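Chains as they are written, first to last, in the working numbering: chain A, 1 to 334; chain B, 1001 to 1334.
Glycine included, every Cβ here is placed at the ideal spot set by N, Cα and C.
It should be emphasised that the depicted structure is a prediction, and the values quoted were computed from it without experimental measurement.
One structure is given here, and the rest of the page talks about it.
There are 2 protein chains.
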Amino acid sequence: MADPSLAELGEWELIRRLGRFAAPGQFDDDAALLPAGGPGALVLNTDVLVEGIHFSEATTTPFDVGWRAAAANLSDLAAMGCRSALGLTVGLVAPAATPWSWVEGAYEGLSAALQAYGGQLLGGDCSGGAQRLLAITAIGRLEGEAGAIRRGDGLPGDRLVCTGAHGLSRLGLALLRHEAGLDPNALDADLVRQAIQAHQRPRPRFDAVRALQACRPAGLPWRVAGCDSSDGLAAAVAAIAAASGCSARLDPAALPLEPAMAPLPAAQAWCLGGGEDFELVLALAPAWADALVAALPGSRAIGGLVNGGGGSLCWSGGEAIASGGYSHFGTSGR
Amino acid sequence: MADPSLAELGEWELIRRLGRFAAPGQFDDDAALLPAGGPGALVLNTDVLVEGIHFSEATTTPFDVGWRAAAANLSDLAAMGCRSALGLTVGLVAPAATPWSWVEGAYEGLSAALQAYGGQLLGGDCSGGAQRLLAITAIGRLEGEAGAIRRGDGLPGDRLVCTGAHGLSRLGLALLRHEAGLDPNALDADLVRQAIQAHQRPRPRFDAVRALQACRPAGLPWRVAGCDSSDGLAAAVAAIAAASGCSARLDPAALPLEPAMAPLPAAQAWCLGGGEDFELVLALAPAWADALVAALPGSRAIGGLVNGGGGSLCWSGGEAIASGGYSHFGTSGR
């Protein structure tokens, strides 16, 4: 194809092609590290959230659109090693007929997330357009002795740790959408509440970065590979493995499932590929991994990195795992 | 109206209402100054450019869309007192059927502007959506002894200086659109080239900020009010006057018109309200203003600030000037 459409190209090939316009490495991580990295370096992250793709009026109130937009963006700062945010800017696009109450609700959600997790609204821009859309850019700074968390810093022998349960957000979405085959009345009421909360009010894991920094064993240098699990747990693990030139093994007995969710037929698929859990997935030296699991409630060792294999993802027994993932151009580019 | 639409609200009332979500002052300037201002402070600016509103395939090649997006954003950094940019992030939204060549062209234009004016592409995000759109966030830093340039720092007695001719970009747009009543063959060929260049390849005036810093008379403190003229010269002057609690007087004999453009019937209207010239409009102490006009070719003293009047804009003879301006929600909100 001499001039393929974006749908024909697929999202990952598009990102690969755009990489040549940026400084080396800038498209490889959750966020951009400003030239002159290291402690005190600035981290910048842009996300666009488009109505009909990232949110819909049916499942998301304006408040939740704003909260999720802010939280998803701050999550990328946490995934780079920031333990707080300086703030964010908002580009708002909306059709002229959009009611003010929708915009107000979205900004109230943004503000509430900033109040909960830190950072200021630093202005932005607004324009008319064919559909509602938020473009958020968050800025943070690496603090203390911490370096960055980058996808490609993993080594064979590293343990994989995730900071919380996975699949809850996808279950929450299924409940909000009234998906067929899922009877809310057959589910534990606490699980229903927890799943909807996970979907509507994700939280950036700055607390996990603080715990990670605090529990580093004496003598171990700063070296942590990682990203957030916004695109799904399996995709996060595969991304770390690929960027680190390793392969990943997941322990089927250590799948980070909320116990009450385990009996659901889709539990494993949603845990691995549901996405939007916004936990951190990290690869680090076993001693540090053990210290983190001991220090951070809800975190869990789920497997490890092994030599070679170019980013493949298997169960510890050897069977391959599909890493799934979601394309924002309507095709599977992965 | 209990819940007006954005069109009913108008752009400026929308921005006023959104101001309550931000730190005080963050919505008053061209860009956001990160908490802890002063020399070395970070400046962050977000602009969204939407197809059909900010650009169209008829008048703008993909290269020019990218160039203009970067240049307009860097211009806001210059308008805050930055003399260079660290870089920018790009949120790209486009329908799945968009050809890769359009995206490639837009990024080539972005890159060319960054190569010409400094700064790196710092990553970003992409998504499908109903129409093409770029959301750009640029980051810069105040350097040297310079403070910020803010709209509200003007004082009565300040001289108004603009850094170049106005109206050329609007003439360029009229030529590209083949607007009725404008015969390109009746125009000077150099003027046609210059006007189209002004529209397609605006330049951020970092050089003017450097000249401003270099020519500050000894003993004068840093105090410069200003903004860029992206929304039009009259709107820029009115914004400075209003934010500074002053009124502005423009000298009709000093209108910053390109001489070859002066005979056109629309010349004065386009000079005052055409917009998108991306020059800087500054209000500063007369001695500094004179030094700047002497140091910066193309700059010109165009009037001054006077006491009281709540932002009104008059000719030096006293007749009012309409400040015009453009609403991005399809109504005149100003």
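Buried versus exposed, by CB contacts within 10 Å (16 or more), Trp1067 of chain B
Buried, because 16 or more other Cβ atoms sit within 10 Å of the Cβ of Trp1067 of chain B.
Using 8 Å as the limit for Cβ to Cβ distance, is Phe1021 of chain B near chain A?
Taking a beta-carbon distance threshold of 8 Å, Phe1021 of chain B counts as an interface residue toward chain A.
Return the residues of the stretch 46–78 of chain A that lie within a Cβ-Cβ distance of less than 9 Å from chain B, sorted by chain order.
The residues in question are Thr46, Asp47, Val48, Leu49, Val50, Glu51, Gly52, Ile53 and His54.
Separation of Thr1089 of chain B from Met1261 of chain B, as counted between CA atoms
Counting only the Cα atoms, Thr1089 of chain B lies some 37 Å from Met1261 of chain B.
Members of the stretch 120–153 of chain A that neighbour chain B once the beta carbon cut-off is set at 8 Å
Residues of the stretch 120–153 of chain A with a C-beta atom less than 8 Å from some C-beta of chain B are Gln120, Leu121, Leu122, Gly123, Gly124, Asp125, Cys126, Ser127, Gly128, Gly129, Ala130, Gln131, Leu133, Ala135, Thr137 and Ile139, listed in chain order.
Would you mind sorting Trp288 of chain A into buried or exposed? The rule is 16 or more other CB atoms within 10 Å of its CB.
Buried is the call here.
Tell me where the alpha helix (DSSP H) around Trp222 of chain A begins and ends.
Here Trp222 of chain A belongs to no alpha helix (DSSP H), and DSSP marks it neither H nor E.
With a Cβ-Cβ cutoff of 8 Å, do Gly124 of chain A and Gly81 of chain A count as a contact?
Taking 8 Å as the Cβ cut-off, Gly124 of chain A and Gly81 of chain A do not qualify as a contacting pair.
Beta-carbon of Tyr1107 of chain B versus every beta-carbon of chain A: anything under 8 Å?
Tyr1107 of chain B counts as touching chain A.
Let me confirm a value: Asp1183 of chain B is counted as buried when at least 16 other C-beta atoms fall within 10 Å, else exposed. Which label applies?
Taking a 10 Å sphere around the C-beta of Asp1183 of chain B, we find fewer than 16 other C-beta atoms and assign the residue as exposed.
With a threshold of 8 Å between beta-carbons, can Gly1310 of chain B be considered close to chain A, or not?
No, Gly1310 of chain B does not count as interfacial toward chain A.
Do three or more CB pairs link the stretch 1178–1197 of chain B to the stretch 1209–1228 of chain B at distances below 8 Å?
Contact fails: fewer than three Cβ-Cβ distances are below 8 Å.
Determine the direct distance from the alpha carbon of Glu145 of chain A to that of His1054 of chain B, and round the result to whole angstroms.
Between His1054 of chain B and Glu145 of chain A, the C-alpha separation is close to 44 Å.
So the alpha helix (DSSP H) Arg17 of chain A belongs to, where does it begin and stop?
Unbroken alpha helix (DSSP H) run through Arg17 of chain A: Glu11 to Leu18.
Cutting at 7 Å between CB atoms, please list the residues of its own chain near Leu1296 of chain B, excluding the five before and the five after it.
For Leu1296 of chain B, where only same-chain residues beyond five positions count, the Cβ hits under 7 Å are Thr1163, Ala1208 and Ala1211.
Does the distance from the CB of Ser338 of chain A to the CB of Gly274 of chain A come in under 8 Å?
Because chain A in this structure spans residues 1 to 334, residue 338 of chain A falls outside the shown range and cannot be described.
Between the stretch 276–293 of chain A and the stretch 197–208 of chain A, can you find at least three pairs of beta-carbon atoms closer than 8 Å?
Counting Cβ pairs under 8 Å, three or more are found: they touch.
Rounded Cβ spacing between Gly1118 of chain B and Ala1070 of chain B (contact assumed at less than 8 Å):
11 Å between Cβ atoms; not a contact.
Check whether the Cβ atoms of Leu1128 of chain B and Pro1095 of chain B lie closer than 8 Å to each other.
Here residue 1128 of chain B turns out to be Gly, not Leu, going by the sequence shown. Contact: yes.
In this structure, what does DSSP give as the bridge partners for Gly91 of chain A?
According to DSSP, which records beta bridges pairwise, Gly91 of chain A is partnered with A:Asp125 and A:Ala135.
How do the stretch 1133–1152 of chain B and the stretch 1232–1243 of chain B stand: do at least 3 beta-carbon pairs fall below 8 Å, yes or no?
Flag = yes, the stretch 1133–1152 of chain B and the stretch 1232–1243 of chain B touch.
Where Asn1045 of chain B falls, given that 16 or more other Cβ within 10 Å makes a residue buried
Asn1045 of chain B comes out buried.
Close beta carbons around Leu1173 of chain B, own chain, < 6 Å, minus the five adjacent residues each side
Excluding its 5 nearest sequence neighbours in each direction, Leu1173 of chain B has C-beta neighbours in its own chain below 6 Å: His1199, listed in chain order.
At a cut of 8 Å, does the stretch 223–238 of chain A reach the stretch 135–144 of chain A through at least three beta carbon pairs?
Too few Cβ pairs lie closer than 8 Å, so no.
Could you check if Ser299 of chain A is buried or exposed, using at least 16 other CB atoms within 10 Å of its CB as the buried criterion?
Around the Cβ of Ser299 of chain A, a 10 Å sphere holds 16 or more other Cβ atoms; the residue is buried.
Which runs of the alpha helix (DSSP H) spanning at least 4 residues fall entirely within the stretch 205–264 of chain A, listed in chain order?
Runs of the alpha helix (DSSP H) inside the stretch 205–264 of chain A: 206–214 and 233–243.
Contact check, Leu122 of chain A vs Ala1022 of chain B under 8 Å by CB: the rounded distance?
The beta carbons of Leu122 of chain A and Ala1022 of chain B sit about 7 Å from each other, so the pair counts as a contact at 8 Å.
Please classify Arg1159 of chain B: is it buried, with 16 or more other beta-carbons within 10 angstroms of its beta-carbon, or exposed?
Of the other Cβ atoms in all chains shown, 16 or more fall within 10 Å of the Cβ of Arg1159 of chain B; this residue is therefore buried.
With Cys271 of chain A as the anchor, note down where its alpha helix (DSSP H) starts and where it stops.
Looking at the DSSP string, the run of the alpha helix (DSSP H) that includes Cys271 of chain A is Ala267 to Gly273.
Would you give the residue range spanned by the beta strand (DSSP E) that Asn307 of chain A belongs to?
That run of the beta strand (DSSP E) goes Arg300 to Asn307.
Beta-carbon spacing of Leu1280 of chain B, Gly1167 of chain B below 8 Å:
Going by C-beta atoms, Leu1280 of chain B is not nearer than 8 Å to Gly1167 of chain B.
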